[in-house]
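Student: I have a structure I would like to understand better, so I am pasting it below and will then ask my questions one at a time.
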Amino acid sequence: MKKSISLINKSIICLMFILALVFINLSVPVFAVSSNEESLIILSDGDAKNDVEKIQKEFPDVQVHLIEEINSLVVNDIQKHQLSNIKSYINKDLHIPNNDIVSDTEIPVPNPKENIVNEKINTPSIVKNEEIESYDKWMWDIKQVTNNYQSHLINTGSHNVKVGIIDSGIDFNHPDLKQNIIGMGKSFVPNDVSTQDNLGHGTMVAGTIAANGKIRGVGPDLGLVPYKVFNQGGGNSSWAIEAIIQATKDDMDVINLSLGTFKSIKSKEDKGIIKAYQRAFKYAKKNNTVVVASSGNEGVDISNPKKLAEQLGKPDDLLVHLPGGEKDVITVAATNREMKLSSYSNYGKGISISAPGGDYGPDFQENQIFDPNSFMLATYPTHLPQTYVSKSMGFKQGYELTVGTSFAAPKVTATIAVMKAEYFKQFGREMPSKEVEKILYKNVDKTDDYNTKVAGKGIVNLYKALVDIRTK
10 MKKSISLINK SIICLMFILA LVFINLSVPV FAVSSNEESL IILSDGDAKN
60 DVEKIQKEFP DVQVHLIEEI NSLVVNDIQK HQLSNIKSYI NKDLHIPNND
110 IVSDTEIPVP NPKENIVNEK INTPSIVKNE EIESYDKWMW DIKQVTNNYQ
160 SHLINTGSHN VKVGIIDSGI DFNHPDLKQN IIGMGKSFVP NDVSTQDNLG
210 HGTMVAGTIA ANGKIRGVGP DLGLVPYKVF NQGGGNSSWA IEAIIQATKD
260 DMDVINLSLG TFKSIKSKED KGIIKAYQRA FKYAKKNNTV VVASSGNEGV
310 DISNPKKLAE QLGKPDDLLV HLPGGEKDVI TVAATNREMK LSSYSNYGKG
360 ISISAPGGDY GPDFQENQIF DPNSFMLATY PTHLPQTYVS KSMGFKQGYE
410 LTVGTSFAAP KVTATIAVMK AEYFKQFGRE MPSKEVEKIL YKNVDKTDDY
460 NTKVAGKGIV NLYKALVDIR TK
């Protein structure tokens, strides 16, 4: 599993080839669109509520709001010419160190290679329509996690167990999802109050967790709540941080973060953002909300900042991946149909556990031959255009093939949520986070050559975890 520099260079070439074959909504940029206004995140160690009043009084045309739970505040609507004056005032008059006054940073829209297969692939020559017996034929990933749905015979989850999906929203009208969406959630994207998914990513994540229709998720009766932190225009770090806080305050049992970014620990700005995320994760953990995050899809080792920077072409830097990789987060790598680390998945000592995320096929790396059977079938917004591939393979609108760690993480999220439902059923009390991790990591699958040093404790298995809870 260990990657050499030459393999990484080869993967970059493969990635360029993949991107030419991946469905990309052309209205979605890779990063958030910059505006003429700036935002600041202020990490206070004093009376943050009083600081809000002082900043608002001194600069009445900006918007200041408090994130009380992590003693921080966000200043929005700053004109570029005001930025230095505001920073100076906060530093000198409010006595907050410059290192704790950081510019809000953009978070990437989820990697386009996680989206869906492009119509340029001649799928009818690979998979004949008549070979499709049912949608269930494509659910190998869910079957791996549930032991061929045996876990569904024990527990399918409950609306009393709530999963917060911090993503692009959810399609409220999807027939496989609408019965399990138990709240409108909240959008943190300015001028976009709806949590309806107009991008697709959040709906795919939601279906992995709790689809219940033509396809079934890991926990088909779990309750889903969307928290929108990006749309076609991208997103900001402060939106994701505030969403973690809000989801925790809303008593979410588990939070799923299928998004990620790289930050430099040499950069003052990045160190401040990392610190803000860490405060949010600690707040969630303190309130027994489990945070699960994807490891990312660059095929790199995220455990060593120096090595990571070198692999990403920045040899003079020190980089970390987050939210996946942080100590208060369960970080998930992706495995393929053969239960090996997926070719694109990030890896390293910071990985907690693995889950099926699909891959491009056993002959892809050597011969660039796609095998659709190695992809996964996911729910997709019914109001967004259906791809040629989906049509040609006989799927109805609202279902697409996909791969990515974004769809490995929610399998662990759903596993934890169903575990919590079973634990409450058996013992009449909430399952502590320490017990969650103990049972989760104990009951995994491993192949003979599985490397726990780079891919976590093993591959998640909900059925084994439920049996363990029942026999306690």
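Each position in the sequence shown, counted from 1, maps to that position plus 9 in this note's numbering.
Beta carbons are placed, not taken as given, at the ideal position from N, Cα and C, and that holds for glycine.
Whole angstroms is fine: what's the gap from E375's alpha carbon to D70's?
Tutor: Cα to Cα, E375 sits roughly 58 Å from D70.
Student: Looking at the strands, I want to know which residues DSSP matches up with Q88.
Tutor: Bridge partners of Q88: E46.
Student: If you draw a straight line from the C-alpha of I135 to the C-alpha of E409, how long is it?
Tutor: Any reading at I135 needs caution, since the residue's pLDDT is 39, under 50, leaving its predicted position unreliable; the model's value is listed next. Distance between the alpha carbons of I135 and E409 is about 16 Å.
Student: Given 8 Å as the limit, is there contact between the segment 419-436 and the segment 216-234, that is, 3 or more CB pairs closer than that?
Tutor: Touching, yes.
Student: N156: which of V263, T212, G226 sits nearest, CA to CA?
Tutor: Selected option, being the one with the closest Cα: G226.
Student: Would you call the CB atoms of Q320 and V309 closer than 8 Å?
Tutor: Yes, Cβ-Cβ distance for Q320 and V309 is below 8 Å.
Student: What first and last residue would you give for the alpha helix (DSSP H) that runs through N169?
Tutor: Here N169 belongs to no alpha helix (DSSP H), and DSSP marks it neither H nor E.
Student: With DSSP collapsed to three states, give me the class of I419.
Tutor: In the sequence as presented, Ile is not what sits at residue 419; that position holds Pro. In the structure shown, P419 sits in a helix (DSSP, three-state: H, G or I).
Student: Taking its Cβ as the centre, do 16 or more other Cβ atoms sit within 10 Å of P332, making it buried, or is it exposed?
Tutor: Buried, because 16 or more other Cβ atoms sit within 10 Å of the Cβ of P332.
Student: Residues in the same chain with beta-carbon distance under 6 Å from S48, minus the five sequence neighbours each way, listed in chain order, please.
Tutor: Excluding sequence neighbours, S48 sits near N85, D113.
Student: Is it true that the CB of G232 sits closer than 8 Å to the CB of N189?
Tutor: Yes; because the gap between Cβ atoms is below 8 Å, this pair is in contact.
Student: Quick one, which of I175, Q287, K258 has its alpha-carbon nearest A249's?
Tutor: Per the Cα distances, I175.
Student: Check F433 in the structure and name its three-state DSSP category.
Tutor: Three-state result, F433: helix.
Student: Over the uninterrupted beta strand (DSSP E) stretch that includes S401, give me the two end residues.
Tutor: Careful: S401 lies outside any beta strand (DSSP E), inside the alpha helix (DSSP H) at 397-401.
Student: Tell me G232's beta-bridge partners as DSSP assigns them.
Tutor: G232 is bridged to K171.
Student: Name the two residues that bound the continuous alpha helix (DSSP H) containing Y472.
Tutor: Run containing Y472: 471-479, per the alpha helix (DSSP H) assignment.
Student: Counting pairs of Cβ atoms below 8 Å between the segment 344-364 and the segment 445-462, do you hit three or more?
Tutor: Verdict: yes, contact present.
Student: Which stretch, first to last residue, makes up the alpha helix (DSSP H) that contains Q255?
Tutor: Start and end: 246-258.
Student: What is the residue span of the alpha helix (DSSP H) that K447 lies within?
Tutor: Segment 442-451, the alpha helix (DSSP H) holding K447.
Student: Confirm, please, whether the CB-CB distance from V301 to D337 is below 8 Å.
Tutor: Not in contact: D337 and V301 (Cβ atoms no closer than 8 Å).
Student: Cα-Cα, which of H161, S203, I311 is closest to Y236?
Tutor: Comparing Cα-Cα distances from Y236 to each of H161, S203, I311, the minimum goes to S203.
Student: To the nearest angstrom, how far is it from the Cα of M148 to the Cα of E62?
Tutor: One C-alpha to the other measures close to 54 Å.
Student: Just to check my reading of the structure: F239 and V214 have Cβ atoms closer than 8 Å, yes? What is that Cβ distance to the nearest angstrom?
Tutor: That pair is no contact at about 13 Å.
Student: Looking at the unbroken beta strand (DSSP E) that takes in N265, where does it start and where does it end?
Tutor: Start and end: 263-266.
Student: Within a Cβ cutoff of 7 Å, which residues of the same chain sit near E251, ignoring the five residues on either side of it in sequence?
Tutor: The residues are I76, F197.
Student: If you pair each beta-carbon of the segment 367-374 with each one of the segment 434-453, do three or more pairs fall below 8 Å?
Tutor: Contact fails: fewer than three Cβ-Cβ distances are below 8 Å.
Student: Compute the distance between the beta-carbons of N100 and I110, then report whether it is under 8 Å.
Tutor: Yes. Within cutoff.
Student: Determine whether the beta carbon atoms of S267 and P117 lie at a separation below 8 Å.
Tutor: No.
Student: The beta strand (DSSP E) spanning M148 covers which residue range?
Tutor: Taken as a continuous stretch (DSSP letters only), M148 belongs to no beta strand (DSSP E), as it is neither H nor E.
Student: Tell me the rounded alpha-carbon separation between G334 and T340.
Tutor: Going by the C-alpha atoms only, they are around 6 Å apart.
Student: Excluding the 5 residues flanking V263 on each side, which residues of the same chain have their C-beta closer than 6 Å to its C-beta?
Tutor: Result list for V263: V172, V299, T422, I425, A426, in chain order.
Student: Pick out whichever of K358, L386, I282 has its Cα sitting closest to the Cα of K152.
Tutor: Here the closest residue by C-alpha is L386.
Student: Could you check what DSSP says for L350 in three-state terms: helix, strand or coil?
Tutor: L350: strand per DSSP, three-state reduction.
Student: Around the Cβ of N108, are there at least 16 other Cβ atoms within 10 angstroms (buried) or fewer (exposed)?
Tutor: Exposed.
Student: Who are the Cβ neighbours of I478 in its own chain at under 8 Å, not counting the five residues just before and after it?
Tutor: Taken in chain order, the residues that qualify are M428, E431, Y432, Q435, I448.
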